[in-house]
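To keep things clear, I will list the structure first and then write my remarks on it.
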Amino acid sequence: MTAGGTAWHRMLTNRECARAQGFADGHEFVGKTAEVKRQIGNAVPVGIAAWLGTRAAHALTTTHLAA
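Count the sequence shown with numbering that gives the first Met the number 0 and you get residues 0 to 66, in order.
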């Protein structure tokens, strides 16, 4: 966006941030605006959490033999 020849960028809304984190549009957050922003920012996207869990389970159940 531009104003008076100067380009600027607006802040993302909490809903836009939630979408980027993978939350469904219908997900309801509880708290004040700043609290909701913190909840969204501290969230781990489901796909990444699933990948990390799979890798951790594999690491914990696989035997590595020393060469």
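We put the CB at the ideal spot given by N, CA and C, even for glycine.
Under the three-state DSSP convention, the category residue i falls into
i	result
His-32	Contrary to the premise, residue 32 reads as Thr rather than His in this sequence. The answer is helix: DSSP assigns Thr-32 an H, G or I state.
Contact under 7 Å by Cβ, residue i with residue j
i	j	result
Asn-13	Lys-36	yes
Residue i versus residue j: straight-line alpha-carbon distance, rounded
i	j	result
Thr-5	Glu-15	24 Å
Gly-3	Asp-24	35 Å
Ala-56	Leu-64	18 Å
CB contact check: residue i to chain D, cutoff 7 Å
i	result
Gly-52	The question asks about chain D, but that chain is absent: this structure has only one protein chain.
Spell out a yes or no on whether the region 55–62 and the region 29–41 are touching, meaning 3 or more CB-CB pairs, one atom from each, closer than 8 Å. no
Segment contact, 8 Å Cβ cut-off, at least three pairs: the region 10–23 with the region 44–59: yes
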